[in-house]
Amino acid sequence: MCFELLDDVIAADHRARLLWRVAETLDLSAFLARRKALEGRAGRSVTSVRVQLTLWMYATSIGIGSAREIERRLSSDDAFRWIAGDERVGRTVLSEFRVCYGDALDALLTDVLGTLLHKGLLSLDLVAQDGTRIRASASAPSFRREESLEACREQARLHLKAVLAEADDPEASAMEKQGREAAARDYARRVDEAIAMVRALREEGKELPRASTTDAEARVMKMGDGGYRPAYNVQLATAGSPDGGPRTIVGVQVTNKGSDIGSITPMLQQIQQRTGQLPATLLADGGHLKFDCLRWAAAHGVNALVPLPPPSKEPSSRRSAHDAPVEAWRARMQTEEAKELYRARAGLAELPNAQWKGRFGFCEFLVRGLAKATCVALLAALTTNLLAHATSLIS
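In this note's numbering, the protein residues as written are 32 to 426.
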């Protein structure tokens, strides 16, 4: 079906059209930096980049996180077909676009925030930070200690040797042989990464460390339902007004730390790097409390509102726990003004989490590794911000 006919199959106010129009306003040159044309070959066009970005944003917005599913929809779903137009986009290209352009996605998020600030659509008067655990693409049984991993390494070596010995098998096609060898080498690589991770954790002082042969960077964390599963900790900083209006994600951090403690300072530094300024007030729950973070915030003019912990749960660094910044924070958190302002935290910080896990269906990473998980989170943050401000950006 030609594009002219496709143009009539989705409504004028369809979300696919909206995201395409927003994508037309974006500077996508960072994605093209790695696609320099070679002699005798044509580099990918800007349109191709825009198609892939819009496909991923639209897919994210309706709860699709699989390149394979997008490829399937391109032959059956009018909205996906409308976005692609005459472009032929396969799952391999889509997968590469999502996880291989972390720097470009990061730069694009920064550019979008700069545009919102320039147009007066974003204020950093009030920012709330929250962390949520997203299931990793790894199973609990895949976590092993070094002795078991060494045995896995030997098995992987023998398996690869057996696969290479079957290279002359007349009953297998060349593609099948390549697939078997690639799978064997991939497993051997993942086992080596797990061994390296276990040794690094031991050097950090971890007792009886374990790592996954599926995703060496994933960690077993306590989840929201109280259970323990392999996951990543996604920290989001969200700006907005307590009176309502659009929410804007101004900071994204993906870590493999099960605790939120100590994450305020790096988030504030990221916000400053992205926007050139710091929030006037930062709201965070008690799980983020660390005195060093409070001191950094006070030294840089940020009013950090974090609940007072019960005496039994205060950080153990008593020697310097009563200096001026910490005492000022204690006094501030007992005022009615601070208590009233802190009530806005849930509405600001927890809304993106609910949107990601509800509307976006973002309950599990389908990619492996910290860098790739960060790419997925950046793409979700871009989708969130562009949908929230789409009308203003294209007007």
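Where is the CB? At the ideal position from N, CA and C, for every residue including glycine.
Stretch-stretch touch, CB-based, cutoff 8 Å, three pairs: the region 271-278 with the region 295-302: In short, these stretches do not touch, since the Cβ pair count stays below three.
Buried or exposed, going by whether 16 or more other CB atoms sit within 10 Å of the CB of S60? exposed
Residue from E368, Y132, H331 and A268 whose Cα sits closest to the Cα of A377: Minimum Cα distance to A377 is reached at A268.
Who are the near neighbours of S423 in its chain, counting only those whose CB is closer than 6 Å to its CB and skipping five residues on each side? Non-local beta-carbon contacts of S423 in its own chain, meaning distances under 6 Å to residues more than five positions away in sequence, involve L152 in chain order.
Have a look at L409, F111 and Y132 and flag the residue whose alpha-carbon is nearest the alpha-carbon of V40. F111
N264, enclosing alpha helix (DSSP H) - first and last residue: Element bounds for N264: not the alpha helix (DSSP H) but the beta strand (DSSP E), Y259 to S272.
Simplified DSSP state of L314, which is helix, strand or coil: Correct three-state label for L314: strand.
Check E70 in the structure and name its three-state DSSP category. Residue placement at E70 cannot be trusted, given a pLDDT of 41 that sits under 50; what the coordinates show is reported in the next sentence. Residue state, collapsed to three classes: coil.
Nearest-angstrom Cα distance between A270 and G282? Those two C-alpha atoms are separated by around 9 Å.
Compare the C-alpha of G255 against each of E127, N384 and E118 and name the closest. N384
CB F396 to CB A167, shorter than 7 Å? yes
Does S426 come out as helix, strand or coil in the three-state DSSP assignment? coil
Quick one: is T56 buried, meaning 16 or more other Cβ sit within 10 Å of its Cβ, or exposed? exposed
Between the Cα of A369 and those of V337, L382 and P341, spot the shortest distance and give me the residue it belongs to. V337
Would you tell me roughly how many angstroms separate the C-alpha atoms of F174 and A231, rounded to the nearest one? 15 Å
Would you kindly check if the distance between the Cβ of H319 and the Cβ of S294 is under 7 Å? Closer than 7 Å, so yes.
Helix, strand or coil at D291 [DSSP, three-state]: coil
For the alpha helix (DSSP H) holding G210, just list the boundary residues, first then last. G210 -> alpha helix (DSSP H) spans A205 to E234.
Counting along the chain, where does the alpha helix (DSSP H) carrying V194 start and finish? E177 to A196
Quick one, which of E371, N264 and V82 has its alpha-carbon nearest T312's? E371
Could you spell out where the alpha helix (DSSP H) holding G392 opens and where it closes? Per DSSP, G392 belongs to no alpha helix (DSSP H) and is neither H nor E.
Limits of the unbroken alpha helix (DSSP H) element including P388: Sequence check: residue 388 is Lys here, not Pro. Element bounds for K388: R376 to K388.
Would you mind working out which of G94, V222 and L49 sits nearest K388, comparing C-alpha positions? G94
Name, in chain order, the residues that DSSP records as bridge partners for V283. Partner(s): L267.
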